[in-house]
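First the structure, in the form of structure tokens, and then the observations on it.
Protein chains in written order, with the working numbering: chain A, 1 to 147; chain B, 1 to 147; chain C, 1 to 147; chain D, 1 to 147.
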């Protein structure tokens, strides 16, 4: 997959703000930091809305991060496809996250004409062992894939 | 599993408000409507924070519903265990939900001493075909299971 | 899904023997016992090749049963589609099976034009609590779905 | 996880033959080629019993490989624990495998006292793009983990 991504990081940011604005409901927390072909790094800034008792970060917050990051990785490989939809998402929670930012590393395992499959590994910033691991599938509408 | 749940519906509601208040951040949307031993029905009221373009309901909103419903089902079988944690959650998105309330039906497939496994089927209210199906595992801390 | 299956049980058996003969390598163990539209019951007869130490049945044997049963349920809804392929399969092992036959109950959650999603619950014969639960997705080649 | 594995490759091979002999039913196909702490490479030799029509390798054969490889990785981190059991396994099939050997690369994402979680990526020998990706969880019996 040593190709250029189909959008630059700036184009991706602008596009996500256009098609995905409500992901920032209650305050922007997701920031795209790096983008390749089928890969990205997305940060989820610490925000009280994502906390759980005992100072941990909620599972659904991590799933939101993973779904967003997978969508970015899919777009980086197939271009602007607003109608790509998640068909499945599977998450393993591995360790209690630290209170603070989460950083996710994503890579596509398959960038197919109809289905894209990827994995996301989520870390607490500065900690080596991952807090969660996600695999997911996006379905790409027929005729929209231009690779 | 034809037993009584370990908490009544009213006790469960009070307990969830105590240990899980931040799930209602931005406005309460989750309502427990029915409770059995290892089973429950939870409604997610329509709320703009959960919408996506095209009038559909966000995937993470459905995952939040499923994780909450599984937690309720686990508590109904093992009693008040605040430290039960999700170890994995796997969701299939089946159809585009209608704009409106979602209703989930949950049942435990296993209520073990260390692990509880359950499934959640999510419907748009009044529609027969499900919009999503979830399986998940909760880990119960040693010594806290009193069944 | 209150429709007739697209093949009778006898037609399904004949078709499976034609397209899927190698599943019976080492001795036939899989028997289709009931068939509806998007549903089936498949039995896996006890066979030494599926045993593990301690007298339990191997995980891969259960996965083989589930994958076969899902394929049958897909065919019952979409007709003879030899090129339908599994895109994902997720299994929860719930309890140690008894030594003896396994019986699986399968139903499709979605019978789409491109993707079919279903769930399989596996029991040791005569025991109420399931030994395993499986969800899976089959991809149907474009133009082959005639529903 | 830059530690030594708890068994050498030779010890692991001898132990697997002792506790897991029936995985070789119908002819040995699984070969452990490399072993680290929480990591391993396992080869599945080409064998007619694993073929499907069109010359592809069966899904259950890949699941058998993944389950075996995960077990090896768990043992490499926790030592000889015969009663470790798979609690879930989730596989994405990415591409049609070539006729020939499969090679799997496994690494643990978590080596916990009660649960070990890992991922397995499966390749057709000599091909860069993976044919399947698996995540799975093993449950370790209480008191058996000596880390």
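For glycine and all other residues, C-beta sits at the position ideal for the given N, C-alpha and C. Everything numeric in this text was worked out from a predicted model, so none of it was measured.
- Rounded to whole angstroms, residue 77 (chain B) and residue 6 (chain B) show a C-alpha spacing of 6 Å.
- For residue 58 (chain C), no alpha helix (DSSP H) run applies, since DSSP gives it neither H nor E.
- If you look at residue 11 (chain B), you'll find it in the alpha helix (DSSP H) that goes 9–19.
- Three or more Cβ pairs drawn from the stretch 51–63 of chain B and the stretch 61–72 of chain A lie within less than 8 Å of each other, which places the two stretches in contact.
- In the three-state scheme derived from DSSP, where H, G and I count as helix and E and B as strand, residue 138 (chain B) is classed as strand.
- Assignment of beta-bridge partners to residue 43 (chain D) by DSSP yields D:31, D:103.
- Annotation for residue 15 (chain D): 7, 75, 80 place their beta carbon closer than 8 Å to its own, counting only its chain and skipping 5 residues before and after.
- Three or more Cβ pairs drawn from the stretch 107–122 of chain D and the stretch 120–133 of chain A lie within less than 8 Å of each other, which places the two stretches in contact.
- For residue 135 (chain D), the chain A residues whose Cβ falls inside 8 Å of its Cβ are 90, 92, 133, 135, in order along the chain.
- Burial state of residue 31 (chain B) is exposed, judged by a 10 Å Cβ sphere holding fewer than 16 other Cβ atoms.
- By the neighbour-count criterion, in which 16 or more other beta carbons inside 10 Å mark a residue as buried, residue 52 (chain D) falls on the buried side.
- Against chain A, the beta carbon of residue 95 (chain D) has neighbours under 8 Å at 110, listed in chain order.
- Looking at the DSSP output, residue 108 (chain C) bridges to C:118.
- In chain order, 43, 44, 45, 46, 125 place their CB closer than 7 Å to the CB of residue 101 (chain B), counting only its own chain and leaving out the 5 sequence neighbours on each side.
- DSSP, reduced to helix, strand and coil, places residue 54 (chain D) within a helical segment of the structure shown.
- By the criterion of a C-beta distance shorter than 6 Å, residue 49 (chain B) is surrounded in its chain by 26, once the five residues flanking it on both sides are discounted.
- For a Cβ distance threshold of 7 Å, residue set 22 of chain B lies close to residue 51 (chain A), ordered along the chain.
- In the DSSP assignment, residue 23 (chain C) falls outside any beta strand (DSSP E), carrying neither H nor E.
- Counted as a single uninterrupted DSSP element, the beta strand (DSSP E) harbouring residue 89 (chain B) occupies residues 85–93.
- Distance from the CA of residue 20 (chain D) to the CA of residue 91 (chain D), rounded to the nearest whole angstrom, comes to 22 Å.
- Taking C-beta atoms as the reference points, residue 141 (chain C) and residue 142 (chain A) fail to come closer than 8 Å.
- Using a Cβ-Cβ cut-off of 7 Å, residue 105 (chain B) is close to nothing in chain C; its nearest Cβ partner there is about 13 Å away.
- Note on geometry: alpha-carbon atoms of residue 86 (chain A) and residue 24 (chain B) lie some 25 Å from one another.
- Going by C-alpha positions, residue 41 (chain B) is about 22 Å away from residue 88 (chain A).
- Beta-carbon to beta-carbon, residue 12 (chain C) and residue 63 (chain D) are separated by about 24 Å, too far to satisfy the 8 Å threshold.
- Residue contact check for residue 117 (chain D) against chain A: a CB pair falls below 8 Å.
- The Cβ of residue 87 (chain B) sits closer than 8 Å to at least one Cβ of chain D.
- Nearest in C-alpha terms to residue 139 (chain D), of all of C:104, C:9, C:123, C:96, is C:96.
- Residue 33 (chain A) and residue 28 (chain D) have their C-alpha atoms roughly 47 Å apart.
- Less than 8 Å divides the Cβ of residue 38 (chain B) from the Cβ of residue 73 (chain B).
- For residue 132 (chain B), the beta-bridge partners assigned by DSSP are B:93, B:122.
- Chain C has a Cβ within less than 8 Å of the Cβ of residue 130 (chain B).
- Inclusion of residue 94 (chain C) and residue 35 (chain B) in the CB contact set at 8 Å is not warranted, their separation being larger than that value.
- Counting only the Cα atoms, residue 113 (chain B) lies some 29 Å from residue 121 (chain A).
- Chain order gives the chain B residues near residue 64 (chain A) as 60, where near means a beta carbon separation below 7 Å.
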